[in-house]
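Novice: Numbering (my numbering), first residue to last: 36 to 171.
So that we are looking at the same thing, I have put the structure below in structure tokens.
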């Protein structure tokens, strides 16, 4: 077991030293230092929570939901127009794709099974997806 844990530690260190990880972290840090980007992210989170709360209410006001949904879409458009946020999304997708390859390789070595490739850049999370065709 010690050999496995040592190898896992080496893999973790290699991931931390990878260009994909470093670029992702640098871009995330740049976004967090950018006032416009952080305000957009906070506003998006607020609007998304508002929509989720309205959807969770059994006596939901459909007019209020439509208004909140429209506001959420407007913030999403602003996020999509922000170059720094787009760069962060891209670097996250590149890192996630690398990790998918690492996990697929480990699975292949351990089980002999090869995973079927997902749509390009698909992380399995639909929250930041531009439409890869992945469905839950």
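All C-beta atoms in this analysis are idealised placements derived from N, C-alpha and C, irrespective of residue type, glycine included.
This structure is a prediction, so every number in the text was calculated from the model and none was measured.
Using beta-carbon positions only, say whether residue 81 and residue 89 come within less than 8 Å of one another.
Specialist: Within the chain shown, numbered from 1, the residue matching residue 81 stands at position 46. Within the chain shown, numbered from 1, the residue matching residue 89 stands at position 54. Against a cut-off of 8 Å, the Cβ pair of residue 89 and residue 81 comes out as no contact.
Novice: Which same chain residues end up closer than 7 Å to residue 113 when comparing Cβ atoms and leaving out the 5 residues on each side of it in sequence?
Specialist: As a working note, residue 113 is residue 78 in the chain shown. So the qualifying residues of the chain are 75.
Novice: Assuming residue 119 contacts residue 77 under a Cβ cut-off of 8 Å, what Cβ separation, rounded to an integer in Å, is found between them?
Specialist: Start at 1 with the first residue of the chain shown, and residue 119 comes out as number 84. Start at 1 with the first residue of the chain shown, and residue 77 comes out as number 42. Not a contact, Cβ separation roughly 15 Å.
Novice: Would you call residue 128 buried or exposed, if buried means 16 or more other Cβ atoms sit within 10 Å of its Cβ?
Specialist: On the chain shown, position 93 is the one that residue 128 refers to. By the 10 Å Cβ count, residue 128 comes out buried.
Novice: Does residue 146 pass the burial test, meaning 16 or more other C-beta atoms within 10 Å, or should it be called exposed?
Specialist: For this step, residue 146 is matched to residue 111 along the chain shown. Classification for residue 146: exposed.
Novice: Give me the residue from 60, 37, 83, 101 with the minimum Cα distance to residue 124.
Specialist: By one-based count along the chain shown, residue 124 stands at place 89. Answer by Cα proximity: 60.
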